[in-house]
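Asks:
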Amino acid sequence: MPRIPIDWLADHVAVPADLTAEQLAADLVKVGLEEEEIHRSGVSGPIVVGKILSTVKEEQSNGKTINYSRVDVGAHNDAPGEGKESADIASRGIVCGAHNYEVGDYVVVSLPGAILPGDFQISARKTYGHVSDGMICSERELGLGDDHSGIIVLARSGEEAAKKGLPEVGEDILDYLGLAGEILEINVTPDRGYCFAMRGVAREYSHSTGAEFIDRGLEENLPAGVPEVNGKGVPVKVADSAPIHGVPGCDRFVTRIVRDVDPHAPSPKWMQERLTAAGMRPISLAVDATNYVMLDLGQPLHAYDLDKLVAPIVVRRARDGETLITLDEQERQLSGDDLVISDSEGGEGARVIGLAGTMGGFDTEITDETTNVMIEAAHFDQVSVARMARKHRLPSEASKRFERGVDPNVAPVAAQRVVDLLVEYGGGTADEANFDYNETRAPSSIIFDVSEVERLTGLALSPGEITEILEKIGCQVGDGNQAHLLALTPPTWRPDLTGPAHYVEEIARLVGYDEIDSSLPSAPAGEGLTAAQRNRRDIGRALSEQGWTEVLSYPFISAETFNKQGISDDDDRRITIRLANPLQDDAPYMRTSLLDSLLETARMNVARGNPSVAIFEAGLVTRPSGAQAGQTPGVGRRPNDEELSSMLRSIPAQPHHVAGVAIPTATQSVAGFAAQMWDWRDAIEAVKTAGRTIDLDLAVKNAERAPFHPGRCAAVTLGKKIIGYAGELDPRVCKAFELPARSIAFEFDVDRLVEARGADPISIHPVLTTPAAKEDIALVVDETTTAAAVANVIKDSAGALLEDVHLFDVYEGDQIPQGKKSLAFALRFRSDHTLNAEEMTSVRNRVIKAAAKAFGAELRA
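Numbering (the working numbering), first residue to last: 319 to 1179.
1. Within the continuous alpha helix (DSSP H) that includes serine 660, where are the two ends?
2. Using only the alpha-carbon positions, how far apart do arginine 358 and methionine 612 sit?
3. What is the DSSP secondary structure of asparagine 539, reduced to helix, strand or coil?
4. Three or more beta-carbon pairs under 8 Å between the segment 1072–1087 and the segment 1161–1172, yes or no?
5. Identify the residues that DSSP records as bridge partners of methionine 677: which are they?
6. Unbroken beta strand (DSSP E) runs of length 3 or more, entirely within the segment 907–946: which are they?
7. So which of Arg534, Ala898, Ala1105 and Asn928 has the shortest CA-CA distance to leucine 1125?
8. Report all residues from its chain with a CB closer than 6 Å to the CB of leucine 774; omit the five preceding and five following residues, and keep chain order.
9. Have a look at cysteine 513 and phenylalanine 698 and give me their C-alpha separation to the nearest angstrom.
10. Would you mind working out which of Leu1120, Arg941, Ala778 and Arg634 sits nearest aspartate 558, comparing C-alpha positions?
11. In three-state DSSP terms, what is serine 876?
12. Where does the unbroken beta strand (DSSP E) through arginine 577 begin, and where does it stop?
13. I'd like the ranges of any alpha helix (DSSP H) spanning at least 4 consecutive residues and lying wholly in the segment 1015–1103.
14. Mind checking whether alanine 729 and alanine 696 have CB atoms under 8 Å apart?
15. Which word fits glutamine 700, buried or exposed, when buried means at least 16 other C-beta atoms lie within 10 angstroms of its C-beta?
16. If you draw a straight line from the C-alpha of glutamate 376 to the C-alpha of aspartate 580, how long is it?
17. Am I right that alanine 751 and isoleucine 575 are in contact with their C-beta atoms under 8 Å? What's the rounded C-beta distance?
18. DSSP three-state call for methionine 692: helix, strand or coil?
19. Looking only at its own chain, which residues have a Cβ that is under 7 Å from the Cβ of tyrosine 755, when we skip the five neighbours before and after it?
20. I'd like the list of long-range same chain contacts for alanine 1033, defined as Cβ closer than 6 Å, with 5 residues on each side in sequence excluded.
21. Return the chain-ordered ranges of every beta strand (DSSP E) run that is complete within the segment 481–509 and spans a minimum of 3 residues.
22. Between isoleucine 671 and alanine 621, is the Cβ-Cβ spacing less than 8 Å?
23. Could you have a look at alanine 416 and say whether DSSP puts it in helix, strand or coil?
24. Could you name each continuous alpha helix (DSSP H) segment of 4 residues or more that falls completely within the segment 773–812, going from the start of the chain to the end?
25. For proline 1079, count neighbouring C-beta atoms within 10 Å of its own C-beta (all shown protein chains included) and say buried if the count is 16 or more, exposed if not.
26. Measuring CB to CB, does phenylalanine 1173 end up less than 8 Å from valine 1068?
27. Which residue comes first and which comes last in the beta strand (DSSP E) that contains asparagine 752?
28. Using the Cα positions of alanine 905 and phenylalanine 874, report the straight-line distance between them to the nearest angstrom.
29. To the nearest whole angstrom, what separates the beta carbons of phenylalanine 753 and threonine 573, a pair I think is in contact under 8 Å?
30. Less than 8 Å separating the beta-carbons of aspartate 567 and alanine 674?
31. Give the straight-line distance between the Cα atoms of arginine 909 and serine 915, rounded to the nearest whole angstrom.
32. Serine 885 and proline 970: beta carbons closer than 8 Å?
33. At what residues does the alpha helix (DSSP H) containing phenylalanine 720 begin and finish?
34. Let me confirm a value: valine 691 is counted as buried when at least 16 other C-beta atoms fall within 10 Å, else exposed. Which label applies?
35. Are the beta-carbon atoms belonging to proline 584 and lysine 482 less than 8 Å from one another?
36. What did DSSP end up calling serine 871 once you bin it into helix, strand or coil?
Right, here's the structure in full:
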């Protein structure tokens, strides 16, 4: 994110003398540039220029060698013979562990009372047998960088110190180091790449405050302008054999030459300070000048050693097998989609010398011996640069600007700025030869209906006000042949402005989003949630009222989760979709069951000390069985009907499911009360509650299905269809997911319930005031017959009079035959009238007859 030193911003726009970073942030946020951070140096107190007068190396008993140095710190010196340790001349004694300085060097000295980053307070203290009366500082100690290998040597001699413009010995060094003020760092959205430059931020500050703005990217604002193109010097050819979407990889390439540059000429102090404040490390004059102009105008530039180049330069796609050693001294393997810059050593375009818009090559870099410099200012295709930067993992300052869009018209101005800096500060001579490959096209114009502003934002602005705002952001506004139409051409630095909505957004941004009234749209009568949506919400609310807590989990899983649940290899739940770009490499699959991810969520809750876990989730699962391979049409046109059908057939089924997991402990024990526990019945009841909530009566039957306990799993049915499973988890699953033994779970398909329910309103059963009739029936059945199956037969045979049935006793003993068991049910009947004995006898006989037919059941005496 760009850092904005206020004094640098003032080169482009009029700012108040007392402007603070906080106020600048407040002004910029009005036009959509959010504050990321305000950087304060964290450095204060007496931090001055010091000169090494003497130094003595001393071996310590611990094997370490230290230097005891006498340092001249000007007005802060101790008088001769009166310091903390006697000296022949005024100075201070300081112990230092670094060894990269010598007598006569100029260094940074923090004196007692100074505070360094991290609230590190400097004081005089005795160490290694001496009183160290201050500290000689490294980059890391001052927060300037990570280098802690040695202290900062500002200059090796008085002549070098004067040339660099160092303050006098003993004077404050904070301003020189760029540590005295505050710097605002802003967050720039991808569509506003022009704000990666002081030029762009200053323009936005002008929009926000009305301050006068001077566009330093225009030729008219250069001191001597740009020389006329003569086509001499280093020519450039573009031979892009594989343009992306028909867009050439390069449409502009300016080359300029500066000769006889002093390779040892330092960058001016003000430039080094600004680069440091912006977060870049000064390197050399040629490199610093290109970096400075890039940060200033937004145009990435590159400096080449002219004597190492062979003309002409060719911009082309790489050939498979080519390599390049980049400036970071890493060898890069290139391929046909890489856009490269090559010169003609060994033949035209034969040698690759850089990755276009990303990073230069090692062979032609600027060194301490470079005297003749070629400046490159080019405009490269956004997509080509973005792909290449990601492929080679080179998110450089240049690539982050090119991939967001760079103004193609600023290239010659930026190149001239670098030339002027090298001439002024490096003693170079600007060569008259220059070249400008220019195949840029003017931005496309559109017809804009001014009524769009009010339609999309509610702002009632006149055409004149709209025109004024659009001209302010740099648009050319023409007549659209009708009073309400405008012909708009965006500025070259705004490639993001391509449609009417983009211009409306710009208008709203400059008027102020706070000027847009908030209004709620009125809901059309008779519309709202669909029946399916209402049913799903009702089920979720009912489960919450039962004590289950709703959670959300990621739908991405690993293959290991199937093994941990004990799901067999031939189970269709193992048929999954693998993501091409998963968020986590170890979880690349889409879940086919909510329990795939919910069990892991339960494990995390238990691991973090949650004493009672009862969670449920409502969401989609992905079932790719039956999905067909489909073709992916291009983006240049609307797919035809056949292509749309193919795409739809390739989409896997994604039913809505609800699942829950609970550990046995429902509530913890308290004084006088035992803990309440969940068991398998609660899992089944949760599914039944979901059914009752939308007026469906669900039945259960014994089943076996992973991850449930083989003997404690119920299939929940609606008619003859299984809609889900519930019960106790397999002990092996509990162990695999680190859950307590006898944890429970359920999962069911909500879509099947909703489909069966339909859109009819839920019927409300009348509240009957007539007395209930009760019957108890004990049936002797085979011991393998489940109580649920018998209860289902009782319900079906008893008919509408039956209000409730529940099992209250199971008996296996001497009074019944071996291999049999007695199931005792309590039945409650009710009607709109008081039931008589004849009616009750008829129902009782029907129930006994149906049980006998279904299970061979006999009435127990």
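Backbone N, C-alpha and C define an ideal beta-carbon position, used for all residues, glycine too.
Model, not experiment: these values are computed from the prediction.
Replies: Taking the definition as stated:
1. Taken as a continuous stretch (DSSP letters only), serine 660 belongs to no alpha helix (DSSP H), being part of the beta strand (DSSP E) at 657–661.
2. 24 Å
3. helix
4. no
5. Leu673
6. 932–938
7. Ala1105
8. Val822
9. 18 Å
10. Arg634
11. coil
12. 568–577
13. 1049–1054 and 1068–1075
14. yes
15. buried
16. 40 Å
17. 6 Å
18. strand
19. Val554, Val556, Arg570 and Phe571
20. Lys1019, Ala1021, Ile1040 and Tyr1043
21. 500–505
22. no
23. coil
24. 781–790
25. exposed
26. no
27. 747–756
28. 6 Å
29. 5 Å
30. Looking at the sequence itself, residue 567 is glycine, so the reference to aspartate does not match. Cβ atoms of glycine 567 and alanine 674: closer than 8 Å.
31. 7 Å
32. The sequence shown places isoleucine at residue 885, not serine. Contact: no.
33. 715–720
34. buried
35. yes
36. coil
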